[in-house]
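Peer 1: Dropping a structure here in structure tokens format, bear with me for questions.
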Amino acid sequence: MPLPLIPIAGALVASAATGYLAWKNSRSQNHKKWAKEPFPAEWIEILKKNVVLYEKLPEWLQKELHGHILIFLKEKSFEGCGGLEVTEEMKVTVAGLACIMLLNRESSHYKDLRTILMYPAAYFSDPDKEEVRLGESWVHGTVVLSWSDVTSSANDVRDGKNLVLHEFAHQLDQEDGAGDGVPELETESQYITWAEVLSKEYDTLVKRTNRGNRTLLRAYGATNPAEFFAVATEVFFERPKKMKKKHPELYNELKQFYHLDPANWGHQGWEPD
Numbered sequence: 000m001p002l003p004l005i006p007i008a009g010a011l012v013a014s015a016a017t018g019y020l021a022w023k024n025s026r027s028q029n030h031k032k033w034a035k036e037p038f039p040a041e042w043i044e045i046l047k048k049n050v051v052l053y054e055k056l057p058e059w060l061q062k063e064l065h066g067h068i069l070i071f072l073k074e075k076s077f078e079g080c081g082g083l084e085v086t087e088e089m090k091v092t093v094a095g096l097a098c099i100m101l102l103n104r105e106s107s108h109y110k111d112l113r114t115i116l117m118y119p120a121a122y123f124s125d126p127d128k129e130e131v132r133l134g135e136s137w138v139h140g141t142v143v144l145s146w147s148d149v150t151s152s153a154n155d156v157r158d159g160k161n162l163v164l165h166e167f168a169h170q171l172d173q174e175d176g177a178g179d180g181v182p183e184l185e186t187e188s189q190y191i192t193w194a195e196v197l198s199k200e201y202d203t204l205v206k207r208t209n210r211g212n213r214t215l216l217r218a219y220g221a222t223n224p225a226e227f228f229a230v231a232t233e234v235f236f237e238r239p240k241k242m243k244k245k246h247p248e249l250y251n252e253l254k255q256f257y258h259l260d261p262a263n264w265g266h267q268g269w270e271p272d
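Residue numbers (numbering that gives the first Met the number 0): 0 to 272.
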């Protein structure tokens, strides 16, 4: 006699759910353990040298960032491409920038990300098309970065461009399975205001870009809503006072999402008015 399908299906679902909870609890315990490990002094020097934003963080956020970096480097693997040999400096620099976006909020630690591919400089994503790229974020577990552009963009916070922030904003956006410019938010009302504000800001950028106007948010953000979110994230962290002044509603939405207020960090003297 055939076995009843419904009880079997129910048992499989229950087993999968139990397995997922066990994995989640184990991962959480590992994160707590790793975050408490000593943070190497040489890594702090790397952050000071390559991540300008690091020294702008309040001290308590710097300490929290150390824990996130330790977790990130335990979980993610780096692979050199185009002849690049990945060094500890490269790993710490990328981790430091990527983990700034995880501060002061409940984080998945880029749960779907497994591998960071590193090229020495800009690369061809598809040799047949001869399309040059600086970086990419793939839905299924991979980020691709040009090391020369990682460092150049991280060391100049006045330009509102940061390759790592950009690509890892895409990772956050893609965690719900769709890279559409709407990351996972906390409440229904947040989704409503996010749609209203970012749609309005995106439409404005598209119109101004088509007219050839200069804008705080660079023209690449007018490509689509996903790129708009990534570009807005770059400016939020690198030019926060300017964004708060020129785009207060957009700034507030990003402030709520990231649970951070970088306009009140130590930006005096280096962010131009």
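Every residue gets a Cβ at the ideal spot worked out from N, C-alpha and C, and that includes glycine.
Going by other Cβ atoms of all chains shown within 10 Å of its Cβ, with 16 needed for buried, is residue 28 buried or exposed?
Peer 2: Result: exposed.
Peer 1: Give me the Cα-Cα distance between residue 131 and residue 89, rounded to the nearest whole angstrom.
Peer 2: Roughly 21 angstroms separates the two Cα atoms.
Peer 1: When the Cβ atoms of the stretch 225 to 242 are set against those of the stretch 155 to 172, are three or more pairs found closer than 8 angstroms?
Peer 2: Contact holds: three or more Cβ-Cβ distances are below 8 angstroms.
Peer 1: Excluding the 5 residues flanking residue 188 on each side, which residues of the same chain have their C-beta closer than 7 angstroms to its C-beta?
Peer 2: Correct list: empty, nothing qualifies.
Peer 1: What would DSSP say about residue 125, mapped onto helix, strand or coil?
Peer 2: Note: residue 125 maps to strand in three-state DSSP.
Peer 1: Sorted by chain position, which residues of the same chain lie with C-beta nearer than 8 angstroms to residue 33's C-beta, five sequence neighbours on each side aside?
Peer 2: Excluding sequence neighbours, residue 33 sits near 66, 69, 70 and 73.
Peer 1: Using DSSP bridges, identify the partner residues of residue 116.
Peer 2: 78 and 143, per the DSSP bridge assignment.
Peer 1: Apart from the five residues on each side of it in sequence, which residues of its chain come closer than 8 angstroms, Cβ to Cβ, to residue 250?
Peer 2: Closer than 8 angstroms at Cβ, skipping near neighbours: 235, 239, 242, 243 and 262.
Peer 1: Could you check where the alpha helix (DSSP H) with residue 193 kicks off and where it finishes?
Peer 2: 187 to 209 is the extent of the alpha helix (DSSP H) around residue 193.
Peer 1: Enumerate in chain order the residues of its own chain whose CB-to-CB distance from residue 56 is below 7 angstroms, with the five nearest sequence positions on each side excluded.
Peer 2: Same-chain partners within the cutoff: 64 and 264.
Peer 1: Say yes only if the C-beta of residue 127 is nearer than 8 angstroms to one or more non-hydrogen atoms of the ligand ZN, and no if none qualify.
Peer 2: Annotation note on the ligand ZN: not contained in the displayed structure, which lists no ligands.
Peer 1: Is it buried or exposed, residue 22, if we count other Cβ atoms within 10 angstroms and call 16 or more buried?
Peer 2: Confidence at residue 22 is low in this model, with a pLDDT of 43, below 50, so the placement of that residue should be treated as unreliable; the coordinate-derived value is given next. Burial call: exposed.
Peer 1: Thinking just about the alpha-carbon of each residue, which of 80, 95 and 84 is nearest to the one in residue 43?
Peer 2: Comparing Cα-Cα distances from residue 43 to each of 80, 95 and 84, the minimum goes to 95.
Peer 1: Three or more beta-carbon pairs under 8 angstroms between the stretch 111 to 120 and the stretch 145 to 152, yes or no?
Peer 2: A contact exists between the stretch 111 to 120 and the stretch 145 to 152.
Peer 1: For residue 211 and residue 39, what's the separation of their Cα atoms in angstroms?
Peer 2: Approximately 47 angstroms between the Cα atoms of the pair.
Peer 1: Measure from the alpha carbon of residue 184 to the alpha carbon of each residue in 54, 41, 252 and 109, then state which is nearest.
Peer 2: Here the closest residue by C-alpha is 252.
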